[in-house]
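Novice: If you read the sequence shown in the numbering used here, its first letter stands for residue 2, the second for the next number, and so on. Every residue gets a Cβ at the ideal spot worked out from N, C-alpha and C, and that includes glycine. Owing to the predicted nature of the structure, the values given are computational and were not obtained by experimental measurement. Just dropping this structure here.
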Amino acid sequence: MEKFDLEKYEYKAPSYRLCKNRPLFWIDEKKYARESRYDIADGIWKSRQGEKDEISILLSGDLLCQENLIEGYRKKEGGYDFKMCFDYIRPLLCAADFTAGNLETPISHTAPYRGEILTHEGPFYCNAPIEYLDALKYAGFDMLTTANNHTIDAGVRGLYETIENTRKFHFIQTGTFIEEGDKFVLVDICGFKIGFTAFSLTYNSMQANMKKSGKNILLNTYRRQAAEQIYKRMKEQGAEYTICFPHWGKEYADKLSKKQMDMTDELTEIGYDLIAGSHSHVVQKFEYHNGTPVIYSMGNLLTHMNLRKSSMDTQYPVICRLNLKRMDGRITSEIAFIPCRIFKDIQGIPFTVVPMNDQLPLNDEIQRRMKPVEGKVKELLQNQEAIFDLDYPLEKEALKLLKQQEEEKDKRIQGLCSKESKEQKDSSQKSFFMQKWKKMKYRNCISTYRGMFRKYKDAMKLVSLRAETEVVKIDGMVGDIPLTHIDNDQHSNDITRIIYISGQITHLGPKAFKNFHTLESVRLFKGLERIGRRTFENCERMTGVILPKSLTYIGSYAFCNCKRLQSIKIPKSVEKIGRCAFQGCEELTIYCEKDSYADSYARKYHIAVRHMPI
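Shown next as structure tokens:
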């Protein structure tokens, strides 16, 4: 292949200046096992299995890898291991003849991983380490589509690396490209010749900085003419069944956009046999449009967005099972859905996706939490014609491995709790705390009815606030030990008002109260010195906050998107305010002393300011 000219295109990553001297990252060929069920020959990917009269194809939604997920799977010795994310779903994915998903993150060494640095230039961006591809191969994915709004978040270099890295892992890939050619792939799945293509309606406006020629080569942006040409070319090359993956619609919306409906009309008129969409982060309805099955969105197969109260449906993805049969020289299709749930924590493993199936070795706690899944997904699909496949076959070897892993986990848990009596283990209250203690970060914690605390030097740090009421008072003592820090682990976000945070608390950690969508007001008493990065981000109902005169630092994005925050009094003691601390606070007025740091900050970022002694 001719060398790809990276300098030909103008667009660079949001944090390019931080990584501009990094060389292109080439993975160690011997480090990762990259067995593939498909080989390419004469431009067609062909299964290593023999021909069949019936095949099973699994299609999933978005595969994201954001900050919390990256940090959750960081290894102490360095590097990452994401394989445990897919332990429960692996028997299902491996049992199918073909599995495809939408990779909604670059895999690049030439831009910071999301979560590797504290700040970045430009809008929100994604990027994940190479180990994420290793986990997807382990999980059983055969094909990854890359046409989505985050595909060039790491710049053109990042796009180039992503494609090259998928090739080194022997993934089938389509949606973005580094050379001229057909914008689709053909796959011979056990004798069935299937055509796949993928489009995106947007690339977060980042492609505007790329040269026009670069757009045409790199990105598969949706246009009806292009979709018609691709369909025609697939048919000319012998495709018996065609599948289109559009990245479309509005985020966190269960209702369809006008563009989705118009695009559906066009794609069905062209002749595509199946349309499987993504982007909304939630499951959208399923229907037969002009006789063509259309899945508007399958949700996120893996994400940490289940922590967002405003979009709790993001924890309920579906996997589409497409069964194709050859009868009398023609192909018939059947579509069914497998409901899944994303868990933030299962037996100490963060961000794990679990499908519904009785064959899986699920403990009682997981089974209890899986009960509402089927009903929730049925509600989201909004169609009585949707069939649910809850009795699918599982890959025996993967299932055997999972059972062994579960047995090993049980042994480790028993070792941690060996001093506890059997009666205590079986009690619900103890069971709850045991789940917390399984994670390394909780081993040295003290639990009370109010929350969970970790020893920090000669004081305590609040790491989990469990409030049963809407109004909360946080005092400064845990027994005889002072409480000085509120950390950013997991708090109940149903709190309306925090009426008192003790003056003994000196630090509010990063993201301590992020996404508290019901929080309206907070009173912080003298003694508090630092408000960390993103501490009150997305507290959309917050109208008032009282800052003490002891405060010296307000972190980046600390009050970002606090849309109802109209005024805040910032004392003269504040010596540093991070970038974008009040981004999205459109009606905000800062009250401060003239010529103070807050005064200069307000003028710099064009925030309304009123001078008064504070």
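Starting from residue 221, follow the alpha helix (DSSP H) in both directions and report where the run begins and ends.
Specialist: Where residue 221 is concerned, there is no enclosing alpha helix (DSSP H), given that its DSSP letter is neither H nor E.
Novice: Considering only residues of the same chain and omitting the five flanking positions on each side of residue 612, which have a CB-CB separation below 6 Å?
Specialist: 595
Novice: Less than 7 Å between C-beta atoms, sequence neighbours within five positions excluded: which residues of the same chain meet that for residue 272?
Specialist: 232
Novice: How many Å lie between residue 154 and residue 14 at the Cα?
Specialist: 6 Å
Novice: Taking the DSSP output, what are the residues bridged to residue 139?
Specialist: Bridge partners of residue 139 according to DSSP: none are assigned.
Novice: Just how far apart, CA to CA, sit residue 279 and residue 186?
Specialist: 19 Å
Novice: Going by the DSSP bridge assignment, what does residue 342 pair with across the sheet?
Specialist: 355
Novice: In the DSSP assignment, what residue or residues form a beta bridge with residue 546?
Specialist: 523
Novice: Tell me whether residue 282 is buried or exposed, calling it buried when 16 or more other Cβ atoms sit within 10 Å of its Cβ.
Specialist: The residue is buried, with at least 16 neighbouring Cβ atoms inside 10 Å.
Novice: Compare the beta carbon distance of residue 212 and residue 8 with 7 Å and say whether it is the shorter of the two.
Specialist: no
Novice: For residue 607, is the classification buried or exposed, using 16 other Cβ atoms within 10 angstroms of its Cβ as the cut-off for buried?
Specialist: exposed
Novice: Hey, how far is the Cα of residue 618 from the Cα of residue 141?
Specialist: Because the chain here runs from 2 to 615, residue 618 falls outside it and cannot be looked at.
Novice: Does the distance from the C-beta atom of residue 127 to that of residue 106 stay below 7 Å?
Specialist: yes
Novice: To the nearest angstrom, how far is the alpha carbon of residue 564 from that of residue 534?
Specialist: 18 Å
Novice: Please confirm if the segment 250–264 is in contact with the segment 80–97, defined as three or more CB-CB distances below 8 Å between the two stretches.
Specialist: no
Novice: Return yes when the Cβ of residue 108 is within less than 7 Å of the Cβ of residue 129, no when it is not.
Specialist: Contact check for residue 129 against residue 108 passes: the beta carbons are separated by less than 7 Å.
Novice: Please list the terminal residues of the continuous beta strand (DSSP E) segment that includes residue 593.
Specialist: 590–593
Novice: If contacts are defined as beta-carbon pairs under 8 Å, then residue 228 and residue 275 qualify, I think. What distance do you get, rounded to the angstrom?
Specialist: The C-beta separation of residue 228 from residue 275 comes to about 14 Å, leaving the pair out of contact by the 8 Å criterion.
Novice: What separation, rounded to the nearest whole angstrom, lies between the Cα atoms of residue 397 and residue 362?
Specialist: 13 Å
Novice: Apply the 10 Å Cβ neighbour rule to residue 62 and answer buried if 16 or more other Cβ atoms are within range, or exposed otherwise.
Specialist: Buried, because 16 or more other Cβ atoms sit within 10 Å of the Cβ of residue 62.
Novice: Hey, would you say residue 400 sits closer than 7 Å to residue 92, going by beta carbons?
Specialist: With respect to residue 92, residue 400 sits close: the two C-beta atoms are nearer than 7 Å.
Novice: Helix, strand or coil for residue 245? Go by DSSP, reduced to three states.
Specialist: strand
Novice: Count the other CB atoms, across all protein chains shown, that sit within 10 Å of the CB of residue 289; report buried if there are 16 or more and exposed otherwise.
Specialist: exposed
Novice: Ends of the beta strand (DSSP E) at residue 295?
Specialist: 293–296
Novice: Quick one: is residue 345 near chain D, going by C-beta distance under 7 Å?
Specialist: Among the chains in the structure shown there is no chain D, since it carries only a single protein chain.
Novice: Give the secondary structure of residue 437 by DSSP, where H, G and I count as helix, E and B as strand, and everything else as coil.
Specialist: Bear in mind that the predicted position of residue 437 carries a pLDDT of just 39, short of 50, making it unreliable; the figure below should be weighed with that in mind. DSSP places residue 437 in helix when its eight states are reduced to three.
Novice: Taking C-beta to C-beta, are residue 557 and residue 527 nearer than 7 Å?
Specialist: no
Novice: For residue 196, does the three-state DSSP call read helix, strand or coil?
Specialist: strand
Novice: Which word fits residue 331, buried or exposed, when buried means at least 16 other C-beta atoms lie within 10 angstroms of its C-beta?
Specialist: Counting every other CB atom within 10 Å of its CB across the protein chains shown gives residue 331 a total below 16, marking it as exposed.
Novice: Leaving out five residues on either side along the sequence, give the residues of the same chain with a beta carbon under 7 Å from the beta carbon of residue 390.
Specialist: 322, 337, 338, 339
Novice: Compute the Euclidean distance between the alpha carbons of residue 560 and residue 545, then round it to the nearest angstrom.
Specialist: 11 Å
Novice: From residue 145 to residue 486, what does the alpha carbon distance come to, in whole angstroms?
Specialist: 43 Å
Novice: Out of 189, 515, 508, 368, point me to the one whose CA is closest to residue 41's CA.
Specialist: 189
Novice: With DSSP collapsed to three states, give me the class of residue 232.
Specialist: Residue 232 falls in the helix class under three-state DSSP.
Novice: Check whether the Cβ atoms of residue 507 and residue 530 sit closer than 7 Å, and answer yes or no.
Specialist: yes
Novice: Compare the Cα-Cα distances from residue 327 to each of 270, 44, 55 and report the closest residue.
Specialist: Of the residues 270, 44, 55, the one whose Cα lies closest to the Cα of residue 327 is 55.
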